[in-house]
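Enquirer: Sharing a structure with you now.
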Amino acid sequence: MQWLRRLSFQGTITASIILIIMLVYFSVGALWVADQFIKFDAEAKARKEAYVQEHKAVARMEVDRIVDFINYQRRQTERELKVTLRARVEEAINIAQTLYAGFAGSKSEQEVKLLITEALRNVRFDGGAGYFFIYDLDGNNILLPFSPELEGTNMIDLKDSKGGYTVRRGIELIKTKGEGFLNWYWYEPDKSAKMKEKLGFIKSFEPLGWYIGTGTYLENYTQIIQQRTLGWINQVRYGEEGYIFVYDYEGTTLAHYKPENIGVNRWTFMDSNGTAVLQEFIRMARNEGSGFLEYVGTIRPSTGLPAPKVGYSRGVDGWQWMVGSGLYVDAINQTLALKRRALIEKIQNHAVIFLFILLVSMVPIILLSRYLTRGIGNNIVLFTDFLEQSLQDVRKIEAQDVHFKEFQGLVRAANRMVDRQEKAAEDLKNVQEQLVKSQKMEALGLLASGVAHDLNNILSSMIGYPDLIMNSLPPDSPQSKPITIIKEAGLQAANVVEDLLTLARRGVEQRMVLNLNNLIEKYLGSSEYTKMLEQHPEVVVDVELESELMKMKGAPLHLEKTILNLVNNAIEVQPQGGHVLITTENKYVDHFLDGFQQVKEGEYVVLRVVDQGDGIAQEDIGHVFEPFFSKKRLGKSGTGLGLAVVWATLQDHEGFVNVTSEERKGTTFELFFRATREDIAQEVRLQNQNDVRGHGERLLVVDDVVEQRDLAVAILTQLGYQADAVSSGEEALAYLQRQRVDLVVLDMILADPYMDGLETYKRIVQLYPGQKAIIASGYAETARVKAAMMLGVGQYLKKPYTVEKIGLTIKRVLAEPRR
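Just so you know, we're using the working numbering here: the sequence shown kicks off at 1196 and counts up by one.
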């Protein structure tokens, strides 16, 4: 890789641009060529399909025309046959009526019957196969020329080969209509082996109670029609090479353009692809009525070679015929081959034109790339100088010194780095100052622990002996006032020592779970508080304590001293009167809060003391917790260590303080103590079970703070829910894809800035529309919280969690119908 280090930036960029342009050119060219061939293939396929469909339509039209002609011929022949049969029976009726009219008066009825039957017995037609028959209405045969032995026999129960009662049907027809056509099966004269279908006409001869009829064998007429039709079909031609072929359902050729094929059975014929062509045509005609088939024709008449064909076949009902036709479809392939050659020539011509354009465009591209790389190189030099100089002298880059938008972004990033360096230096200075303060407080504590015992012994005499002296003096003694001053000075000194001892005992006192409200109420009921109010009657103290304040772990003695010092300080800074407000509240901090100190994320018990004094100058706020820093007159009010004790107590309890002040309007001290959940199980037991208890519903907690996840799961498990927890939106989505839940408890502020509670819920409802959820946050209800609720979130739950709040909220949302 050494050769890469020898390349210049400008040369590399120029070569890269040229290479990229060439790659783009060839890529676009390849895509265009591929697109042209894809379009051609699609067009060719469509045209081929249209060509085949057109030939299918032609073949179908020709075959349908032939079948329609066949059916027409069959109908016409049947009509002609019926006319002939009726005429012959009318002729026989006329003969019978003439004989009956001529001899009815001179001969007996039996003699007249004999005359009629003998007159009709020898009448023949249809090549000798046609004759007349006579029956009476009781089913007795009167005349049957080819079976005279049956004459005089009752044939009412005679069945034909299909099970039909021919005589009964004839009698029924005569009785209802007097005449009519009838189909039945009977033996053909001199061919008695098998009954054949006949069509006949019968008519009543009322004078003798007879009916006279005749019939003809349909097969004989059908054969005549078929031969006539096939002869016509063999002459049919259409288009250049179109013809009609006819086969019976057993594969015998009945009509074909080659006379030598007629009569040949081609049932086993297959094309070059192995398709049983004739069998497929017959199957479609017999089972489906008609159908198309694509196959390879054996010999094309114009070329004498095999070629692809598309054929159509249709069945002729009753005749067991398959009528079909096929057309050759290979001509389209020649047309498409010509078009493909034309497309290749077009692509080659375009490639030459595009290559010429590429070569011509390279000149301005190379010049432009040289210009751009020179500007980029200058910017890189500028940043190199900045980085080298930043080691000795931190200075910012001016935005107008760089040429490109992206480098201006780097300028902003570099300047932010400078700002961070300056802030880091300032923070380091503050940390060092706080370290000095801590060391000063520690040293003061060590000093106090070393001298407090001896000082207390000395102060005991200073405080005790003035009382003894006062008791021995008369009430109006002039010495009383100076002795009283000595005692008060001793008491003031004793208070200083007590504060010093408090600082000395930091971290020693054992901590316990407690309620800060109880300590405040204890102080408000103390003699110290009463005495303070008596000394400042113009000051009004208001107290607003959170009724469901969370517990905390702390040292009661130090916390009581902290409360006393804060409240006394607030009262004393208002010598002319005013208001002091003492409040407590539960607070959840979602992210670091900037102020006097940075407050870390978590659950807090907050003590707030607000006064309406003169306020603290901004330059003094950073010193208010230093020992003996006070604007009040030392010895007149306080010891000078009150706020130092507050600071020390906060450090021992891993708490935070925020001080805000405005001159002539007042000061607010906010103390943040970590809340504890060590007695959470007892809290759950104290709640009304019916109001907050679950019934095994499955819940998912989404929170990036492990303590909050563990707390929520502990509460929900104690309340009877099945609860799991994850730390991010992505983990929540992965969990929900594996396991459905009844409700999601979703923290609004998550570690991933691009996937907070709102974005996570948007993704959840894409997976499971209507998923029930609640949003939790330490902030007031924000616009993003409202947006989440518009999407379907059921409730907003303000942190910190309490058993009652989280239990009631979940019960309420679970009871709502799914949106």
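Ideal placement from N, C-alpha and C gives every residue a C-beta, glycine not left out.
To which residues of the same chain is Arg1269 closer than 7 Å at the C-beta, ignoring the five residues directly before and after it?
Expert: Along the sequence shown, read from residue 1 onward, the residue named residue 1269 stands at position 74. So the qualifying residues of the chain are Ile1420.
Enquirer: Decide if the segment 1473 to 1483 is in contact with the segment 1222 to 1242; the criterion is three or more beta carbon pairs, one per stretch, under 8 Å apart.
Expert: no
Enquirer: With Tyr1916 and Leu1894 assumed to form a contact (beta carbons below 8 Å), what rounded beta-carbon distance in angstroms separates them?
Expert: Locating residue 1916 in the sequence shown gives position 721, counting from the first residue. Locating residue 1894 in the sequence shown gives position 699, counting from the first residue. So it is a contact: roughly 5 Å between Cβ atoms.
Enquirer: Could you tell me the alpha carbon to alpha carbon distance between Arg1260 and Phe1440, rounded to whole angstroms?
Expert: As a working mapping, residue 1260 is identified with position 65 in the sequence shown. As a working mapping, residue 1440 is identified with position 245 in the sequence shown. C-alpha separation (whole angstroms): 13 Å.
Enquirer: With distances taken between CB atoms, is the gap from Tyr1452 to Arg1432 smaller than 9 Å?
Expert: What you label residue 1452 is simply residue 257 of the sequence shown in a count that begins at 1. What you label residue 1432 is simply residue 237 of the sequence shown in a count that begins at 1. For Tyr1452 and Arg1432, yes; Cβs fall inside 9 Å.
Enquirer: For Asp1355 versus Trp1381, is the C-beta distance shorter than 9 Å?
Expert: Position 160 of the sequence shown, counting from 1, holds the residue named residue 1355. Position 186 of the sequence shown, counting from 1, holds the residue named residue 1381. A contact, by the Cβ cut-off of 9 Å.
Enquirer: Could you please give the first and the last residue of the uninterrupted alpha helix (DSSP H) stretch that includes Trp1842?
Expert: In the sequence shown, the residue the question calls residue 1842 occupies position 647. First-last of the alpha helix (DSSP H) with Trp1842: Gly1837 to Asp1847.
Enquirer: When you compare only the Cα positions, how much space is there between Val1734 and Leu1668?
Expert: For the purposes of this step, residue 1734 is taken as the residue at position 539 of the sequence shown. For the purposes of this step, residue 1668 is taken as the residue at position 473 of the sequence shown. Distance between the alpha carbons of Val1734 and Leu1668 is about 38 Å.
Enquirer: Which runs of the alpha helix (DSSP H) at least 4 residues long sit entirely within the segment 1330 to 1413? Give them in chain order.
Expert: 1361 to 1372
Enquirer: Is it true that the CB of Lys1967 sits closer than 9 Å to the CB of Gly1908?
Expert: Within the sequence shown, the letter at position 713 stands for residue 1908. Within the sequence shown, the letter at position 772 stands for residue 1967. As written in the sequence, residue 1908 is Val, which differs from the Gly given in the question. Not a contact, by the Cβ cut-off of 9 Å.
Enquirer: Residues in its own chain within less than 6 Å of Tyr1438 by CB, not counting five upstream and five downstream?
Expert: Within the sequence shown, the letter at position 243 stands for residue 1438. Correct list, in chain order: Arg1432 and Tyr1452.
Enquirer: Rank Asp1321, Leu1315 and Asn1289 by C-alpha distance to the C-alpha of Leu1276 and give the top, closest one.
Expert: By 1-based counting over the sequence shown, the position of residue 1276 is 81. Nearest of Asp1321, Leu1315 and Asn1289 to Leu1276, Cα basis: Asp1321.
Enquirer: Over what stretch of residues does the beta strand (DSSP E) that includes Asp1947 continue unbroken?
Expert: Along the sequence shown, read from residue 1 onward, the residue named residue 1947 stands at position 752. Premise fails: Asp1947 is in no beta strand (DSSP E) and is neither H nor E.
Enquirer: Return the Cβ separation of Gly1952 and Ala1978 in integer angstroms, given the expectation that the two are a contact with Cβ distance under 8 Å.
Expert: Numbered from its first residue, the sequence shown carries residue 1952 at position 757. Numbered from its first residue, the sequence shown carries residue 1978 at position 783. Cβ atoms of Gly1952 and Ala1978 stay farther apart than 8 Å, at about 13 Å.
Enquirer: In angstroms, rounded to a whole number, what distance separates the CA positions of Gly1806 and Thr1757?
Expert: The residue you call residue 1806 lines up with position 611 of the sequence shown. The residue you call residue 1757 lines up with position 562 of the sequence shown. Here residue 1806 turns out to be Asp, not Gly, going by the sequence shown. Using only the alpha carbons, I get a separation of about 16 Å.
Enquirer: Is it true that the CB of Val1800 sits closer than 9 Å to the CB of Met1745?
Expert: For the purposes of this step, residue 1745 is taken as residue 550 along the sequence shown, with counting starting at 1. For the purposes of this step, residue 1800 is taken as residue 605 along the sequence shown, with counting starting at 1. Going by C-beta atoms, Met1745 is nearer than 9 Å to Val1800.
Enquirer: Report the CB separation of Arg1872 from Leu1906 in whole angstroms; it is logged as a contact under 8 Å.
Expert: Here residue 1872 corresponds to residue number 677 of the sequence shown, with the count starting at 1. Here residue 1906 corresponds to residue number 711 of the sequence shown, with the count starting at 1. That belief holds up - the Cβ atoms of Arg1872 and Leu1906 are roughly 5 Å apart, short of 8 Å.
Enquirer: Does the beta-carbon of Asn1429 have 16 or more other beta-carbons within 10 angstroms, so that it is buried, or is it exposed?
Expert: Here the question's residue 1429 lines up with position 234 in the sequence shown. Around the beta carbon of Asn1429, 16 or more other beta carbons lie within 10 angstroms, which makes this residue buried.
Enquirer: Whole angstroms are fine: how far does the CA of Glu1798 sit from the CA of Val1708?
Expert: In the sequence shown, the residue the question calls residue 1708 occupies position 513. In the sequence shown, the residue the question calls residue 1798 occupies position 603. C-alpha separation (whole angstroms): 15 Å.
Enquirer: Quick one: using the 10 Å Cβ neighbour count with 16 as the cut-off for buried, is Leu1992 buried or exposed?
Expert: Translated into the one-based positions of the sequence shown, residue 1992 becomes position 797. Classification for Leu1992: buried.
Enquirer: In angstroms, rounded to a whole number, what distance separates the CA positions of Lys1243 and Gly1486?
Expert: As a working note, residue 1243 is residue 48 in the sequence shown. As a working note, residue 1486 is residue 291 in the sequence shown. Cα to Cα, the separation comes out at about 20 Å.
Enquirer: When you compare each of Gly1772, Asp1937, Leu1754 and Gln1913 to Gly1861 by their alpha carbons, which one comes out closest?
Expert: If you number the sequence shown from 1, residue 1861 lands on position 666. The candidate whose alpha carbon is nearest that of Gly1861 is Gly1772.
Enquirer: In three-state DSSP terms, what is Leu2009?
Expert: Position 814 of the sequence shown, counted from the first residue, corresponds to residue 2009. If DSSP states are grouped into helix, strand and coil, Leu2009 belongs with the helices.
Enquirer: By how many angstroms is the C-alpha of Gly1519 removed from the C-alpha of Tyr1507?
Expert: Here the question's residue 1507 lines up with position 312 in the sequence shown. Here the question's residue 1519 lines up with position 324 in the sequence shown. Each residue's alpha carbon lies about 5 Å from the other.
Enquirer: Just verifying my parser: in three-state terms, what is the DSSP assignment at Ile1457?
Expert: By one-based count along the sequence shown, residue 1457 stands at place 262. Reduced to three states, the DSSP call for Ile1457 is coil.
Enquirer: Could you spell out where the alpha helix (DSSP H) holding Glu1780 opens and where it closes?
Expert: Position 585 of the sequence shown, counted from the start, is the residue given in the question as residue 1780. First-last for Glu1780: Gly1773 to Val1784, but that is the beta strand (DSSP E), not the alpha helix (DSSP H).
Enquirer: Looking at C-beta atoms only, is the number of pairs between the segment 1957 to 1964 and the segment 1928 to 1944 that lie closer than 8 Å three or more?
Expert: yes
Enquirer: Give every residue of the same chain whose Cβ lies closer than 8 Å to the Cβ of Asn1468, excluding the five residues on either side of it in the sequence, and list them in chain order.
Expert: Stepping through the sequence shown from its first residue, residue 1468 is reached at position 273. Tyr1490 and Val1491, listed in sequence order.
Enquirer: Go through its chain and collect everything with a Cβ distance to Arg1461's Cβ below 7 Å, but skip five positions before and after it.
Expert: Position 266 of the sequence shown, counting from 1, holds the residue named residue 1461. So the qualifying residues of the chain are Gly1446, Thr1448 and Leu1473.
Enquirer: How long is the line joining the alpha carbons of Gln1292 and Gly1410, rounded to whole angstroms?
Expert: Along the sequence shown, read from residue 1 onward, the residue named residue 1292 stands at position 97. Along the sequence shown, read from residue 1 onward, the residue named residue 1410 stands at position 215. Each residue's Cα considered, the two are about 21 Å apart.
Enquirer: Would you call the CB atoms of Trp1514 and Thr1417 closer than 9 Å?
Expert: As a first step, residue 1514 must be located in the sequence shown, where it is residue number 319. As a first step, residue 1417 must be located in the sequence shown, where it is residue number 222. With contacts defined as CB atoms closer than 9 Å, Trp1514 and Thr1417 qualify as a contacting pair.
Enquirer: Taking Leu1911 as the reference, give the member of Ala1450, Ala1765 and Leu2003 with the closest Cα.
Expert: Residue mapping note: residue 1911 aligns to position 716 of the sequence shown, counting from 1. The option with the nearest alpha carbon to Leu1911 is Leu2003.
Enquirer: Roughly how many angstroms separate the alpha carbons of Arg1803 and Thr1778, rounded to a whole number?
Expert: Indexing the sequence shown from 1 puts residue 1803 at position 608. Indexing the sequence shown from 1 puts residue 1778 at position 583. In a straight line, the C-alpha of Arg1803 is about 5 Å away from that of Thr1778.
Enquirer: Would you list the one or two residues that DSSP bridges to Thr1447?
Expert: To locate residue 1447, count along the sequence shown from 1; it is residue 252. According to DSSP, which records beta bridges pairwise, Thr1447 is partnered with Asn1460.
Enquirer: Could you give the distance in angstroms between the alpha-carbon of Ser1742 and the alpha-carbon of Pro1673?
Expert: Mapped onto the sequence shown, residue 1742 falls at position 547. Mapped onto the sequence shown, residue 1673 falls at position 478. Their backbone Cα atoms lie some 55 Å apart in a straight line.
Enquirer: Please list the terminal residues of the continuous alpha helix (DSSP H) segment that includes Arg1478.
Expert: Translated into positions along the sequence shown, residue 1478 becomes position 283. Unbroken alpha helix (DSSP H) run through Arg1478: Val1472 to Arg1478.
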